[in-house]
(Lines of atoms letter the chains of each structure in order from A; the text may use other names.)
(Lines give C-alpha, C1' and ligand atoms only; values in the text may rest on other atoms or scores of the structure.)
Protein backbone atom coordinates (compact mmCIF):
# COMPACT_ATOMS: atom_id res chain seq x y z
CA UNK A 280 0.00 0.00 0.00
CA UNK A 281 2.86 2.38 0.78
CA UNK A 282 4.47 1.72 -2.60
CA UNK A 283 1.15 2.25 -4.35
CA UNK A 284 0.67 5.55 -2.49
CA UNK A 285 4.11 6.73 -3.59
CA UNK A 286 3.40 5.78 -7.20
CA UNK A 287 0.07 7.59 -7.05
CA UNK A 288 1.75 10.66 -5.58
CA UNK A 289 4.26 10.55 -8.43
CA UNK A 290 1.48 10.43 -10.99
CA UNK A 291 -0.30 13.38 -9.42
CA UNK A 292 2.88 15.47 -9.36
CA UNK A 293 3.18 15.10 -13.13
CA UNK A 294 -0.04 17.08 -13.47
CA UNK A 295 1.67 19.97 -11.71
CA UNK A 296 4.73 19.69 -13.94
CA UNK A 297 7.01 18.49 -11.13
CA UNK A 298 8.58 15.69 -13.15
CA UNK A 299 11.71 15.22 -11.05
CA UNK A 300 9.81 14.75 -7.78
CA UNK A 301 7.27 12.58 -9.60
CA UNK A 302 9.92 10.22 -10.95
CA UNK A 303 11.68 10.15 -7.58
CA UNK A 304 8.43 9.09 -5.87
CA UNK A 305 7.78 6.42 -8.47
CA UNK A 306 11.32 5.06 -8.24
CA UNK A 307 11.03 4.94 -4.46
CA UNK A 308 7.77 3.02 -4.90
CA UNK A 309 9.62 0.56 -7.14
CA UNK A 310 12.39 0.17 -4.57
CA UNK A 311 9.89 -0.52 -1.79
CA UNK A 312 7.94 -2.95 -3.96
CA UNK A 313 11.04 -4.93 -4.90
CA UNK A 314 11.86 -5.36 -1.21
CA UNK A 315 8.42 -6.75 -0.45
CA UNK A 316 7.31 -8.93 -3.36
CA UNK A 317 8.82 -11.35 -5.86
CA UNK A 318 10.54 -9.68 -8.85
CA UNK A 319 7.88 -11.08 -11.19
CA UNK A 320 4.93 -9.85 -9.14
CA UNK A 321 2.42 -7.74 -11.12
CA UNK A 322 2.78 -4.93 -8.55
CA UNK A 323 6.33 -4.33 -9.78
CA UNK A 324 5.05 -4.17 -13.34
CA UNK A 325 2.33 -1.72 -12.30
CA UNK A 326 4.91 0.66 -10.81
CA UNK A 327 7.04 0.35 -13.95
CA UNK A 328 4.02 1.41 -16.01
CA UNK A 329 3.66 4.45 -13.76
CA UNK A 330 7.35 5.27 -14.25
CA UNK A 331 6.99 4.86 -18.01
CA UNK A 332 3.98 7.14 -18.03
CA UNK A 333 5.85 9.84 -16.13
CA UNK A 334 8.79 9.64 -18.51
CA UNK A 335 6.42 9.81 -21.47
CA UNK A 336 4.78 12.96 -20.13
CA UNK A 337 8.26 14.51 -19.98
CA UNK A 338 9.08 13.28 -23.54
CA UNK A 339 11.86 11.03 -22.24
CA UNK A 340 11.13 8.28 -24.73
CA UNK A 341 14.07 5.89 -24.14
CA UNK A 342 13.41 5.87 -20.39
CA UNK A 343 9.67 5.43 -20.94
CA UNK A 344 10.27 2.56 -23.34
CA UNK A 345 12.64 0.79 -20.94
CA UNK A 346 10.22 1.04 -18.02
CA UNK A 347 7.21 -0.18 -19.99
CA UNK A 348 9.16 -2.99 -21.65
CA UNK A 349 10.21 -4.12 -18.17
CA UNK A 350 6.56 -4.06 -17.09
CA UNK A 351 5.46 -6.13 -20.08
CA UNK A 352 8.21 -8.68 -19.42
CA UNK A 353 7.20 -8.94 -15.77
CA UNK A 354 3.55 -9.42 -16.66
CA UNK A 355 4.51 -12.16 -19.13
CA UNK A 356 6.75 -13.88 -16.55
CA UNK A 357 3.98 -13.77 -13.97
CA UNK A 358 1.74 -15.74 -16.34
CA UNK A 359 -1.18 -13.34 -16.33
CA UNK A 360 -3.75 -13.78 -19.09
CA UNK A 361 -3.32 -11.70 -22.24
CA UNK A 362 -6.46 -9.75 -21.35
CA UNK A 363 -5.16 -8.86 -17.86
CA UNK A 364 -5.91 -5.12 -17.43
CA UNK A 365 -2.40 -4.18 -16.30
CA UNK A 366 -0.81 -5.94 -19.27
CA UNK A 367 -3.26 -4.30 -21.64
CA UNK A 368 -2.47 -0.90 -20.12
CA UNK A 369 1.27 -1.51 -20.58
CA UNK A 370 0.83 -2.58 -24.21
CA UNK A 371 -1.34 0.45 -24.93
CA UNK A 372 1.20 2.74 -23.28
CA UNK A 373 4.03 1.19 -25.34
CA UNK A 374 2.05 1.89 -28.51
CA UNK A 375 1.53 5.48 -27.39
CA UNK A 376 5.24 5.92 -26.65
CA UNK A 377 6.13 4.64 -30.11
CA UNK A 378 3.54 6.90 -31.74
CA UNK A 379 4.51 10.00 -29.76
CA UNK A 380 8.20 9.44 -30.39
CA UNK A 381 7.55 9.51 -34.14
CA UNK A 382 5.85 12.93 -33.94
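Residue numbers (this note's numbering): 280 to 382. Where is the CB? At the ideal position from N, CA and C, for every residue including glycine. Quantities reported herein were computed from a predicted structural model and do not represent experimental measurements.
| Asked | Found |
| --- | --- |
| Where the alpha helix (DSSP H) through residue 341 begins and ends | 340 to 356 |
| C-alpha distance - residue 299 paired with residue 316, whole-angstrom precision | 26 Å |
| Buried or exposed (CB count within 10 angstroms, at least 16 for buried), residue 296 | exposed |
| N-terminal and C-terminal residue of the alpha helix (DSSP H) that residue 293 is part of | 281 to 294 |
| Among 308, 354 and 378, the one whose alpha carbon lies nearest that of residue 369 | 354 |
| Cβ shell of residue 344 (< 6 Å), same chain only, five flanking positions each side left out | 376 |
| Straight-line Cα distance separating residue 285 from residue 292 | 11 Å |
| Cα-Cα separation, residue 332 to residue 314 | 22 Å |
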